[in-house]
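Numbering (the numbering used here), first residue to last: 4 to 497.
We put the CB at the ideal spot given by N, CA and C, even for glycine.
Computed from a predicted structure; not experimentally measured.
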Amino acid sequence: MEIKEYLRIFSRYWWVIVVLAVIGGAIGWATWQFGTREYQSTATLFVATQNGTTVTEAYQNNLFSTDRANSYASLATSEQVAARAVDQLKGTITPEELKSKITAVAAPKTVLFNVAVTDADPAMAQTYANAVTDQLVGLISELETSRRGGTPAAGAVVVDEADYPVKPVGMSMVVRIGLGVAGGLLLGILAAVLVGALDRRVRGREPVADSTDAAVIGGLPADPSRAKVGVVDLDKDGLYAERLRELRTNLRFARLTDGPEPPKVIAVTSPAAGEGRTTLAVDLAAALAEAGRSVVLVDGDFRGSTLAERLPLEGPMKKAAATRGLSTTIAGETTVVEAIIPDVPVGHHRVSFLPTGPIPTRPGELWASDRATDLLDELGDSFDYVVIDTPPLEQYNDGALVAALSDGALLLARIRRTTSAKLRRGVQTLHAANAILIGTVATFEPGHRRRLNSGKPAPAKAAPPKSPAAGEGDAPTEGLVGTSEPAASRHGSD
Numbered sequence: 004m005e006i007k008e009y010l011r012i013f014s015r016y017w018w019v020i021v022v023l024a025v026i027g028g029a030i031g032w033a034t035w036q037f038g039t040r041e042y043q044s045t046a047t048l049f050v051a052t053q054n055g056t057t058v059t060e061a062y063q064n065n066l067f068s069t070d071r072a073n074s075y076a077s078l079a080t081s082e083q084v085a086a087r088a089v090d091q092l093k094g095t096i097t098p099e100e101l102k103s104k105i106t107a108v109a110a111p112k113t114v115l116f117n118v119a120v121t122d123a124d125p126a127m128a129q130t131y132a133n134a135v136t137d138q139l140v141g142l143i144s145e146l147e148t149s150r151r152g153g154t155p156a157a158g159a160v161v162v163d164e165a166d167y168p169v170k171p172v173g174m175s176m177v178v179r180i181g182l183g184v185a186g187g188l189l190l191g192i193l194a195a196v197l198v199g200a201l202d203r204r205v206r207g208r209e210p211v212a213d214s215t216d217a218a219v220i221g222g223l224p225a226d227p228s229r230a231k232v233g234v235v236d237l238d239k240d241g242l243y244a245e246r247l248r249e250l251r252t253n254l255r256f257a258r259l260t261d262g263p264e265p266p267k268v269i270a271v272t273s274p275a276a277g278e279g280r281t282t283l284a285v286d287l288a289a290a291l292a293e294a295g296r297s298v299v300l301v302d303g304d305f306r307g308s309t310l311a312e313r314l315p316l317e318g319p320m321k322k323a324a325a326t327r328g329l330s331t332t333i334a335g336e337t338t339v340v341e342a343i344i345p346d347v348p349v350g351h352h353r354v355s356f357l358p359t360g361p362i363p364t365r366p367g368e369l370w371a372s373d374r375a376t377d378l379l380d381e382l383g384d385s386f387d388y389v390v391i392d393t394p395p396l397e398q399y400n401d402g403a404l405v406a407a408l409s410d411g412a413l414l415l416a417r418i419r420r421t422t423s424a425k426l427r428r429g430v431q432t433l434h435a436a437n438a439i440l441i442g443t444v445a446t447f448e449p450g451h452r453r454r455l456n457s458g459k460p461a462p463a464k465a466a467p468p469k470s471p472a473a474g475e476g477d478a479p480t481e482g483l484v485g486t487s488e489p490a491a492s493r494h495g496s497d
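This is how it looks when you write it as structure tokens:
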């Protein structure tokens, strides 16, 4: 990963690092506060030898004493010394227990060595240390005395008696807390990097652009109130409506690779379900109608159509949507004019609507037919914009087919849900079908709740296109809604 990826992970999971650092510090404090505190009492002993009569003898005796200091230090931790000390104390402690409490270290290049005893009770630590040194001195005297008697060759003399320890040994509270915080920080950083490496969900527009190699031409905020209504209320002019208008403007100035004109027939698709395709299709149609454009909204999702449920279809409109639509038109059972439902209200504006109609047994074959191409050509020539809701790309091939028949596709990425891998596969699916990717749209962007309802007055709206009214339950009989010119193939005629 690059440095910016690590920075992005740390900015996302900083709270994990902080929490683990705090927990580490708390553990360090707890070990000091509730752990068993040990006190160490230390006595210092001197190795004494006979004085030499010459400089050479004195030097050799000094070397002898230095070596003896190391030997005596080892002897201090022997079981013999511990057993003698226990006998002297006549206590309940065993020799093995006392031996485990004794440490002895010779000072380098000197004839001194220290004997220390550690215990939870400072007074007992001092008592044990004095008993150990007493018995050590006696044992050394016995060992250094010849069997024939006489003066010992060397001996140990107590220089400093065992002290009464005031402070416990080991790390202080500050050190323990510091080490705990440092350990928590390290674990937090490792956890953040691990979670960030495993979590490949896109978190913003930049990761979306990096995953698709395409421009992010729009983004819609996560608006809890949007799920409660079928169509966006553009008159509220909050942040959601503002972002929709930005997307509309960007589409107007978008240029396709095969020509200078902006896209008119737009397929709205996404890698997976639940990423906002139907919502964006409805809201985009409303935003285009707000700008005075003639718009037909096409329900191209034969797999899980919910578009008709979002729109306020009543009476004859609902009946017409159930009996005729996209499927009957492609099958040649009805004409486009008969299948389109005109003047469907989307907020304070109106669009035409082409429902799915009766769902066929093999819906994928409909989009693969020549009639589907002719249908989109006719709609593109008859309306300023054609917005098509499609199935998700990772489940069905229909979305890629519709995108290939359209001027291009808008690929949606739901922030904090869509993964970069799914986005890459979605782009590959579109490219495999020779579809043009107009751009990507980030949906459910977080962090905008304060601006969702700004309370500003809505700007002046262009007059919505008025489609010829049809009789009750009847479709218009002369020409397509939104145009007075006969439809012609946008891709040329055979």
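Taking the beta strand (DSSP E) that Ala163 falls in, what are its first and last residues? The sequence shown places Asp at residue 163, not Ala. Here the beta strand (DSSP E) through Asp163 covers 157-163.
Cα-Cα separation between Thr136 and Ile26, rounded to whole angstroms: Rounded to whole angstroms, the gap between the alpha carbons of Thr136 and Ile26 is 44 angstroms.
If you reduce the DSSP assignment to three classes, tell me which class Gly295 lands in. Coil, per DSSP.
Find the nearest neighbour of Asp226 within the set Leu440, Leu426, Arg417, Leu433, judged by alpha-carbon distance. Nearest option by C-alpha distance: Arg417.
Just to confirm, are Ser44 and Pro171 a CB contact at a threshold of 7 angstroms? Pro171 is positioned such that its CB atom lies no closer than 7 angstroms to that of Ser44.
Within the same chain, show all residues whose beta-carbon is closer than 8 angstroms to that of Asp202, passing over the 5 residues directly before and after it, in chain order. No residues qualify anywhere along the chain.
If you reduce the DSSP assignment to three classes, tell me which class Gly429 lands in. The answer is helix: DSSP assigns Gly429 an H, G or I state.
Counting only C-beta atoms, is Thr45 closer than 7 angstroms to chain B at any point? The structure shown contains no chain B, having only a single protein chain.
Looking only at DSSP bridge pairs, what is Arg204 linked to? Here Arg204 is bridged, per DSSP, to Thr422.
Name the two residues that bound the continuous alpha helix (DSSP H) containing Asp387. That residue, Asp387, is in no alpha helix (DSSP H); it is neither H nor E in DSSP.
Does the structure place the segment 94-106 close enough to the segment 138-146 that three or more beta carbon pairs sit under 8 angstroms? Result no; under three Cβ-Cβ pairs closer than 8 angstroms.
So, is Val268 buried or exposed, given that buried needs 16 or more other C-beta atoms within 10 angstroms? It counts as buried.
Out of Val19, Ala289, Thr443, which one is the CA nearest neighbour of Val196? For the residues Val19, Ala289, Thr443, the minimum Cα distance to Val196 belongs to Val19.
Taking Cβ to Cβ, would you say Asp401 is nearer than 7 angstroms to Pro395? No, these two residues do not count as a Cβ contact at 7 angstroms.
Give the secondary structure of Lys330 by DSSP, where H, G and I count as helix, E and B as strand, and everything else as coil. According to the sequence as given, residue 330 is Ser; it is not Lys. Of the three classes helix, strand and coil, the one that applies to Ser330 here is helix, per DSSP.
Tell me the DSSP secondary structure of Asn437 in three-state form. DSSP places Asn437 outside both helix and strand once states are collapsed to three, so it counts as coil.
contact_flag[the segment 301-321, the segment 350-360] where n(CB pairs < 8 angstroms) is 3 or more: In short, these stretches touch, since the Cβ pair count reaches three.
Closest residue to Val177 among Ala406, Ala324, Gln36, Asp410 (Cα-Cα distance): Measuring from the Cα of Val177, the nearest candidate turns out to be Gln36.
Phe356 lies in the beta strand (DSSP E); which residues open and close that run? Where Phe356 is concerned, the enclosing beta strand (DSSP E) stretches over 352-357.
Separation of Arg246 from Gly221, as counted between CA atoms: About 7 angstroms.
Output needed for Thr148: all residues of its chain with C-beta closer than 6 angstroms, excluding positions within five of it in sequence on either side, in chain order. Close CB contacts of Thr148 within its chain, under the 6 angstroms cut and outside five residues either way in sequence, are with Pro155 (chain order).
Please report how far the alpha carbon of Ser372 lies from the alpha carbon of Pro361, in whole angstroms. Spanning the two alpha carbons is a distance of roughly 17 angstroms.
Using 10 angstroms around the beta-carbon of Ser14, count the other beta-carbons present and answer buried if the total reaches 16, otherwise exposed. Result: exposed.
Distance check for Trp370 and Glu8, CA to CA, integer angstroms please. A straight-line Cα-Cα distance of about 41 angstroms links Glu8 and Trp370.
Return helix, strand or coil for Leu415, following the three-state DSSP convention. Assigned with DSSP and collapsed to three states, Leu415 falls in strand.
Considering Pro98, what are the terminal residues of the alpha helix (DSSP H) in which it resides? Counting along the chain, the alpha helix (DSSP H) containing Pro98 begins and ends at 98-104.
Would you mind working out which of Pro363, Asn117, Leu291 sits nearest Asn253, comparing C-alpha positions? Taking only the C-alpha atoms, the option nearest Asn253 is Leu291.
Determine the burial state of Leu193: buried for a count of at least 16 other Cβ atoms within 10 Å of its Cβ, exposed for fewer. By the neighbour-count rule (16 or more Cβ atoms within 10 Å), Leu193 is not buried but exposed.
Could you please give the first and the last residue of the uninterrupted beta strand (DSSP E) stretch that includes Ala275? Counting along the chain, Ala275 falls outside any beta strand (DSSP E), and DSSP gives it neither H nor E.
Could you pull the start and end residues of the alpha helix (DSSP H) that Ile12 belongs to? Start and end: 6-15.
Check whether the Cβ atoms of Val271 and Leu379 lie closer than 7 angstroms to each other. Going by C-beta atoms, Val271 is not nearer than 7 angstroms to Leu379.
Helix, strand or coil at Ala46 [DSSP, three-state]: Note: Ala46 maps to strand in three-state DSSP.
Suppose contacts are defined by Cβ-Cβ distances below 7 angstroms. Is Val234 in contact with Val285 by that definition? Cβ atoms of Val234 and Val285: closer than 7 angstroms.
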